[in-house]
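**Student:** Going down the list, the protein sequences come from chains A and B.
Under my numbering, residues 6 to 359 are what the first sequence spells out, in order.
Under my numbering, residues 6 to 359 are what the second sequence spells out, in order.
There are 2 protein chains.
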Amino acid sequence: MLDITTQLTTNPKQKPAPDELGFGHYFTDHMFILDYTEGIGWHDGRIVPYQPISLDPSAMIFHYGQSVFEGLKAYVTVDNEVLLFRPDQNFKRLNNSNDRLCIPKIDEEYALEALKQLVSIDREWVPNAPGTSLYIRPFIIATEANLGVHPSNRYQFIIIMSPSGSYYKEGINPVKIMVEQQFVRAVRGGTGAAKTGGNYASALKGQEIASKEGYAQTLWLDGKENCYVEEVGSMNIFFKIDGKVITPALNGSILPGITRDSMIQVLKSKNIPVEERRISIEEVVEAHNNGTLEEVFGTGTAAVISPVGELKYLNDKLIINKGEIGEVSQMLYDTLTGIQNGSIEDTFGWTIRL
Amino acid sequence: MLDITTQLTTNPKQKPAPDELGFGHYFTDHMFILDYTEGIGWHDGRIVPYQPISLDPSAMIFHYGQSVFEGLKAYVTVDNEVLLFRPDQNFKRLNNSNDRLCIPKIDEEYALEALKQLVSIDREWVPNAPGTSLYIRPFIIATEANLGVHPSNRYQFIIIMSPSGSYYKEGINPVKIMVEQQFVRAVRGGTGAAKTGGNYASALKGQEIASKEGYAQTLWLDGKENCYVEEVGSMNIFFKIDGKVITPALNGSILPGITRDSMIQVLKSKNIPVEERRISIEEVVEAHNNGTLEEVFGTGTAAVISPVGELKYLNDKLIINKGEIGEVSQMLYDTLTGIQNGSIEDTFGWTIRL
Ligand SMILES: Cc1ncc(COP(=O)(O)O)c(C=O)c1O
Ligand SMILES: Cc1ncc(COP(=O)(O)O)c(C=O)c1O
Numbered sequence: 006m007l008d009i010t011t012q013l014t015t016n017p018k019q020k021p022a023p024d025e026l027g028f029g030h031y032f033t034d035h036m037f038i039l040d041y042t043e044g045i046g047w048h049d050g051r052i053v054p055y056q057p058i059s060l061d062p063s064a065m066i067f068h069y070g071q072s073v074f075e076g077l078k079a080y081v082t083v084d085n086e087v088l089l090f091r092p093d094q095n096f097k098r099l100n101n102s103n104d105r106l107c108i109p110k111i112d113e114e115y116a117l118e119a120l121k122q123l124v125s126i127d128r129e130w131v132p133n134a135p136g137t138s139l140y141i142r143p144f145i146i147a148t149e150a151n152l153g154v155h156p157s158n159r160y161q162f163i164i165i166m167s168p169s170g171s172y173y174k175e176g177i178n179p180v181k182i183m184v185e186q187q188f189v190r191a192v193r194g195g196t197g198a199a200k201t202g203g204n205y206a207s208a209l210k211g212q213e214i215a216s217k218e219g220y221a222q223t224l225w226l227d228g229k230e231n232c233y234v235e236e237v238g239s240m241n242i243f244f245k246i247d248g249k250v251i252t253p254a255l256n257g258s259i260l261p262g263i264t265r266d267s268m269i270q271v272l273k274s275k276n277i278p279v280e281e282r283r284i285s286i287e288e289v290v291e292a293h294n295n296g297t298l299e300e301v302f303g304t305g306t307a308a309v310i311s312p313v314g315e316l317k318y319l320n321d322k323l324i325i326n327k328g329e330i331g332e333v334s335q336m337l338y339d340t341l342t343g344i345q346n347g348s349i350e351d352t353f354g355w356t357i358r359l
Numbered sequence: 006m007l008d009i010t011t012q013l014t015t016n017p018k019q020k021p022a023p024d025e026l027g028f029g030h031y032f033t034d035h036m037f038i039l040d041y042t043e044g045i046g047w048h049d050g051r052i053v054p055y056q057p058i059s060l061d062p063s064a065m066i067f068h069y070g071q072s073v074f075e076g077l078k079a080y081v082t083v084d085n086e087v088l089l090f091r092p093d094q095n096f097k098r099l100n101n102s103n104d105r106l107c108i109p110k111i112d113e114e115y116a117l118e119a120l121k122q123l124v125s126i127d128r129e130w131v132p133n134a135p136g137t138s139l140y141i142r143p144f145i146i147a148t149e150a151n152l153g154v155h156p157s158n159r160y161q162f163i164i165i166m167s168p169s170g171s172y173y174k175e176g177i178n179p180v181k182i183m184v185e186q187q188f189v190r191a192v193r194g195g196t197g198a199a200k201t202g203g204n205y206a207s208a209l210k211g212q213e214i215a216s217k218e219g220y221a222q223t224l225w226l227d228g229k230e231n232c233y234v235e236e237v238g239s240m241n242i243f244f245k246i247d248g249k250v251i252t253p254a255l256n257g258s259i260l261p262g263i264t265r266d267s268m269i270q271v272l273k274s275k276n277i278p279v280e281e282r283r284i285s286i287e288e289v290v291e292a293h294n295n296g297t298l299e300e301v302f303g304t305g306t307a308a309v310i311s312p313v314g315e316l317k318y319l320n321d322k323l324i325i326n327k328g329e330i331g332e333v334s335q336m337l338y339d340t341l342t343g344i345q346n347g348s349i350e351d352t353f354g355w356t357i358r359l
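Encoded structure:
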């Protein structure tokens, strides 16, 4: 196992008030950095004071988008311990993304060890008000100073952390989502299953259109036939139709969400039928029209569950479950957040206590 | 028109020897920077010594890939003047890319003025050995320090310049190109027509596979039906079949190359029939099999023309024009490079002298 050196800040920042947190605005006192140099491999893992990154203007990240990232959270439990939720899965997915983007793989165990040390050092930054958490952002950027188009020969793997506020300040609020018709997020053979910057950049335009029409997020359809449901901006999507829960299968163009996987496991453990398969937007509309579309919800690290209250498709506005959170959505939310805050026993072995 | 301030370097770098140039390794003494701040617009245009960019680790460019770029060249003419080739087209395309990536547009005339001033200041860096040129890289990156997924509220527009060597050191060398089967570069509704980092990151994997098999570049097929020819890694593609020159139409998923457009205009001016339309890989194979596939060539700023000597598709290896440069390819190459080095009169009005 590689070493990790630590240089503590001499100038700790003031922590923001719990109700000012929001998402992704504030960062803790320290960050982790690991360098990659071709011929040497990953080296010089270090925890250092949070600080700017200085790169040559020709650094590849500024030109050719070779980057991957992850997003996970640390929670304070009811017993005032800190736990991480399935961090091993995030580093595994990071390596899958690395493979697609021609970035050298990291040692997953080492990354987890580095993360644990980093969270321990910034322990006081993990907020403990209900619903708050410490959002953790591991990412890798190509840093070679060269304008040739080829995989970079240098990278930095960095972890930064941001205390983040409660997603649902006034109870769980169903969101309105719009089916995107013109733009496509990803297609089979592309990078949709990887967590890479380009996917998010390409999604902004659809997002902008949805926002203008008053919708919170875009529901993406597949890029080939433009009729199968893929996922939402930063969530996977589930439909409860006639008692069965259906979510698009991992087809190579959607992100394999860790919350998605957790939800499927919880559903199975409760004997609620769940199917991973192709589902067309027409099937959803039809289910709505014949009264069998019982619940729709998105899943992701940020909100855990986001019930969908309205789905706009062409000129139709489907109102789902009277715009209220459904029974299964509520159960899944309670189970997952319960495991995350330690109030429900973690029979799945998902959590890692520091 | 906005101002441009200039701060000259006190520490000029040594210029590399002409035969060491290569591509994208060396950078001139100065760079241009323009900032964007929401509510203010683009501001503080300045020419400064070439220097690192320092950004917060949460700067959006490191996470969500919101970036666009351009590539063009300055040439020393036979009369020892410096000219730019169609720079207005590059800034126009940059703005089209900006639109797709939700980046605020730049003032194209201002950008051109800034570029001219920058090239004038670094005039001595424009190499003048035959085939060499000054490669110019304008690019825009999202710099807001925030992990929310939304268009950035801050950007930097930067121009850096790199003296670059002759693409063809020992005469024009036809390249071997492989048709990619598994991976997809872009799909209609995606970002293929924009020059944004993510497109290049997603193409690396196909490129890697091609390289391993001894091919210089990937020929991409469309993402929907996986049978229509799109373009090569960093070139548009042309086929001469039975006396007619055919190139894929601008369908929204390929980059509208400026060299491509120039070639079409030159062909028309010489009364050589040229068609922009959909062309399937099967049509190309069939033309090869019945002996009517006369020439294949890529076009782009880097090489101007890259004749294709071999095209691999599935298990077939099509040898084109005995692996030699064709007559039309040679004529196009001579015409364009002649206009660029001032030895042929620019009847198209493409060049701008400093
Ligand atoms: C595109 C996309 N889909 C789905 C998800 C949900 O993934 P996870 O549950 O691992 O957070 C995310 C968020 O990370 C995402 O960005
Ligand atoms: C993907 C792609 N296609 C085509 C081209 C050719 O464009 P241009 O002729 O403007 O250089 C380039 C190079 O810039 C490119 O990157």
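Using N, Cα and C, we set each Cβ at its ideal position, and we do this for glycine too.
1) Do you know how far the Cα of residue 8 of chain B is from the Cα of residue 45 of chain B?
2) Taking residue 124 of chain A as part of the alpha helix (DSSP H), name the residues at either end of that continuous run.
3) Below 6 Å CB to CB, which residues in the same chain sit around residue 158 of chain A once its five sequence neighbours on both sides are set aside?
4) Against chain B, does residue 61 of chain A count as a neighbour if the rule is that its beta carbon must be under 8 Å from one of theirs?
5) Would you tell me roughly how many angstroms separate the C-alpha atoms of residue 336 of chain B and residue 312 of chain B, rounded to the nearest one?
6) Taking 7 Å as the cut-off, is the beta-carbon of residue 148 of chain B closer than that to any non-hydrogen atom of ligand 2?
7) Taking a cut-off of 6 Å, which residues have a beta-carbon closer than that to any heavy atom of ligand 2, in chain order?
8) Rounded to the nearest angstrom, how far is the Cβ of residue 205 of chain B from that of residue 154 of chain A, given a contact under 8 Å?
9) Return the chain-ordered list of same chain residues with a C-beta closer than 7 Å to the C-beta of residue 349 of chain B, the five sequence neighbours on each side being excluded.
10) Using the Cα positions of residue 161 of chain A and residue 33 of chain A, report the straight-line distance between them to the nearest angstrom.
11) Quick check on the burial criterion: 16 or more other C-beta atoms within 10 angstroms. Buried or exposed for residue 353 of chain A?
12) So which residues of chain B does residue 151 of chain A contact, with C-beta pairs closer than 7 Å?
13) To the nearest whole angstrom, what separates the beta carbons of residue 194 of chain B and residue 187 of chain A, a pair I think is in contact under 8 Å?
14) What did DSSP end up calling residue 225 of chain A once you bin it into helix, strand or coil?
15) For residue 47 of chain A versus residue 145 of chain A, is the C-beta spacing smaller than 8 Å?
16) For residue 346 of chain A, which residues of its own chain have a beta-carbon under 7 Å away from its beta-carbon, when the five flanking residues on both sides are left out?
17) Which whole-angstrom value is the C-beta distance of residue 140 of chain A and residue 28 of chain A, which I expect to be below 8 Å?
18) Name the chain A residues that come within less than 9 Å of residue 229 of chain B, Cβ to Cβ?
19) Quick check on residue 1 of chain B: does DSSP put it in helix, strand or coil?
20) Anyone know if the C-beta pair for residue 304 of chain B and residue 244 of chain B falls short of 8 Å?
21) By DSSP, does residue 37 of chain A sit in helix, in strand, or in coil?
22) Going by DSSP, what residues sit across from residue 201 of chain A in a beta bridge?
23) Taking 8 Å as the threshold (beta carbon to beta carbon), is residue 336 of chain A in contact with chain B?
24) So with Cβ pairs under 8 Å, would you call residue 432 of chain A a contact of chain B?
25) CA-CA distance, residue 115 of chain B and residue 21 of chain A?
26) If we cut at 8 Å on Cβ distances, does residue 378 of chain A have a partner in chain B?
27) Checking the sheet assignment: what are the DSSP bridge partners for residue 166 of chain A?
28) Alpha carbon to alpha carbon, how far is residue 92 of chain A from residue 142 of chain A?
29) At what residue ranges does the region 252 to 306 of chain A contain a whole run of the alpha helix (DSSP H), taking only runs of 4 or more?
30) For residue 241 of chain B, does the count of other Cβ atoms within 10 angstroms reach 16, so buried, or fall short, so exposed?
31) Along the region 126 to 154 of chain B, where does the CB come closer than 9 Å to a CB of chain A? Name the residues.
32) Applying the criterion that 16 or more other CB atoms from any shown protein chain within 10 Å of the CB defines a buried residue, is residue 125 of chain A buried or exposed?
33) Distance check for residue 37 of chain A and residue 122 of chain A, CA to CA, integer angstroms please.
34) So, under 8 Å CB-CB, residue 355 of chain A and residue 274 of chain A are touching, yes? Tell me the CB distance rounded to an integer number of Å.
35) Kindly indicate if chain B contains any beta-carbon less than 8 Å away from that of residue 167 of chain A.
36) Going straight from the alpha carbon of residue 13 of chain A to that of residue 56 of chain A, what length do you get?
**Tutor:** Reading it off the structure:
1) One-based indexing of the second sequence puts residue 45 of chain B at position 40. One-based indexing of the second sequence puts residue 8 of chain B at position 3. Whole-angstrom Cα-Cα distance: 15 Å.
2) For the purposes of this step, residue 124 of chain A is taken as the residue at position 119 of the first sequence. Counting along the chain, the alpha helix (DSSP H) containing residue 124 of chain A begins and ends at 113 to 126.
3) Here the question's residue 158 of chain A lines up with position 153 in the first sequence. Beyond the five residues adjoining it in sequence on each side, residue 158 of chain A comes within less than 6 Å, by CB distance, of 43 and 149 in the same chain, given in chain order.
4) To locate residue 61 of chain A, count along the first sequence from 1; it is residue 56. Residue 61 of chain A counts as touching chain B.
5) Residue numbering aside, residue 336 of chain B sits at position 331 when the second sequence is read from its first letter. Residue numbering aside, residue 312 of chain B sits at position 307 when the second sequence is read from its first letter. Taking the straight line from one Cα to the other gives about 12 Å.
6) Indexing the second sequence from 1 puts residue 148 of chain B at position 143. Result no, Cβ not under 7 Å from ligand 2.
7) Selection output, chain order preserved: B:76, B:236, B:239, B:240, B:241, B:260, B:262, B:263, B:264, B:265, B:304, B:305 and B:306.
8) If you number the second sequence from 1, residue 205 of chain B lands on position 200. If you number the first sequence from 1, residue 154 of chain A lands on position 149. Yes, they are in contact, since the Cβ atoms of residue 205 of chain B and residue 154 of chain A sit about 6 Å apart, within 8 Å.
9) Working through the second sequence from its first residue, we reach residue 349 of chain B at position 344. Contacts found: 340 and 343.
10) Here residue 161 of chain A is taken as the residue at index 156 of the first sequence, counted from 1. Here residue 33 of chain A is taken as the residue at index 28 of the first sequence, counted from 1. Going from the Cα of residue 161 of chain A to the Cα of residue 33 of chain A covers about 19 Å.
11) For this step, residue 353 of chain A is matched to residue 348 along the first sequence. Exposed, because fewer than 16 other Cβ atoms sit within 10 Å of the Cβ of residue 353 of chain A.
12) Numbered from its first residue, the first sequence carries residue 151 of chain A at position 146. Going along chain B in sequence order, the residues near residue 151 of chain A (Cβ under 7 Å) are 29 and 30.
13) Numbered from 1 along the second sequence, position 189 holds the residue referred to as residue 194 of chain B. Numbered from 1 along the first sequence, position 182 holds the residue referred to as residue 187 of chain A. Their Cβ separation, rounded to whole angstroms, is 6 Å, which keeps residue 194 of chain B and residue 187 of chain A in contact under 8 Å.
14) Working through the first sequence from its first residue, we reach residue 225 of chain A at position 220. Here residue 225 of chain A sits in strand by DSSP.
15) Numbered from its first residue, the first sequence carries residue 47 of chain A at position 42. Numbered from its first residue, the first sequence carries residue 145 of chain A at position 140. One thing to note: residue 47 of chain A has its Cβ no nearer than 8 Å to the Cβ of residue 145 of chain A.
16) Your numbering for residue 346 of chain A matches position 341 in the first sequence. Around residue 346 of chain A: 80, 82 and 83.
17) Within the first sequence, residue 140 of chain A is the residue found at index 135, counting from 1. Within the first sequence, residue 28 of chain A is the residue found at index 23, counting from 1. Right, their Cβ atoms sit about 7 Å apart.
18) Position 224 of the second sequence, counted from the first residue, corresponds to residue 229 of chain B. At a beta-carbon threshold of 9 Å, the residues of chain A lying near residue 229 of chain B are 192, 228, 229, 230 and 231, ordered along the chain.
19) An answer regarding residue 1 of chain B cannot be provided, because it is not within the stretch 6 to 359 covered by chain B.
20) Here the question's residue 304 of chain B lines up with position 299 in the second sequence. Here the question's residue 244 of chain B lines up with position 239 in the second sequence. No, the Cβ-Cβ distance between residue 304 of chain B and residue 244 of chain B is not below 8 Å.
21) What you label residue 37 of chain A is simply residue 32 of the first sequence in a count that begins at 1. Three-state result, residue 37 of chain A: strand.
22) For the purposes of this step, residue 201 of chain A is taken as the residue at position 196 of the first sequence. When DSSP reads this structure, residue 201 of chain A sits in no beta bridge, so it has no partner.
23) Position 331 of the first sequence, counted from the start, is the residue given in the question as residue 336 of chain A. It does not; no Cβ of chain B falls within 8 Å.
24) The question about residue 432 of chain A has no answer, for chain A in this structure spans 6 to 359.
25) Here the question's residue 115 of chain B lines up with position 110 in the second sequence. Here the question's residue 21 of chain A lines up with position 16 in the first sequence. Cα to Cα, residue 115 of chain B sits roughly 41 Å from residue 21 of chain A.
26) Not covered by the structure: residue 378 of chain A. The range shown for chain A is 6 to 359.
27) In the first sequence, counting from the first residue as 1, residue 166 of chain A sits at position 161. Note: residue 166 of chain A sits in a beta bridge opposite A:141.
28) Within the first sequence, residue 92 of chain A is the residue found at index 87, counting from 1. Within the first sequence, residue 142 of chain A is the residue found at index 137, counting from 1. Using only the alpha carbons, I get a separation of about 11 Å.
29) 263 to 274 and 286 to 294
30) Taking the second sequence and counting its residues from 1, one reaches residue 241 of chain B at position 236. Classification for residue 241 of chain B: buried.
31) Listed in chain order, the positions of the region 126 to 154 of chain B with a beta carbon within less than 9 Å of a beta carbon of chain A are 140, 142, 144, 146, 147, 150, 151, 152, 153 and 154.
32) On the first sequence, position 120 is the one that residue 125 of chain A refers to. Result: exposed.
33) By 1-based counting over the first sequence, the position of residue 122 of chain A is 117. By 1-based counting over the first sequence, the position of residue 37 of chain A is 32. One C-alpha to the other measures close to 9 Å.
34) For the purposes of this step, residue 355 of chain A is identified with residue 350 of the first sequence, where counting begins at 1. For the purposes of this step, residue 274 of chain A is identified with residue 269 of the first sequence, where counting begins at 1. Not quite, the Cβ-Cβ distance comes to about 12 Å (not below 8 Å), so this is no contact.
35) Position 162 of the first sequence holds residue 167 of chain A. Yes, because at least one Cβ of chain B sits closer than 8 Å to the Cβ of residue 167 of chain A.
36) In the first sequence, the residue the question calls residue 13 of chain A occupies position 8. In the first sequence, the residue the question calls residue 56 of chain A occupies position 51. Their backbone Cα atoms lie some 12 Å apart in a straight line.
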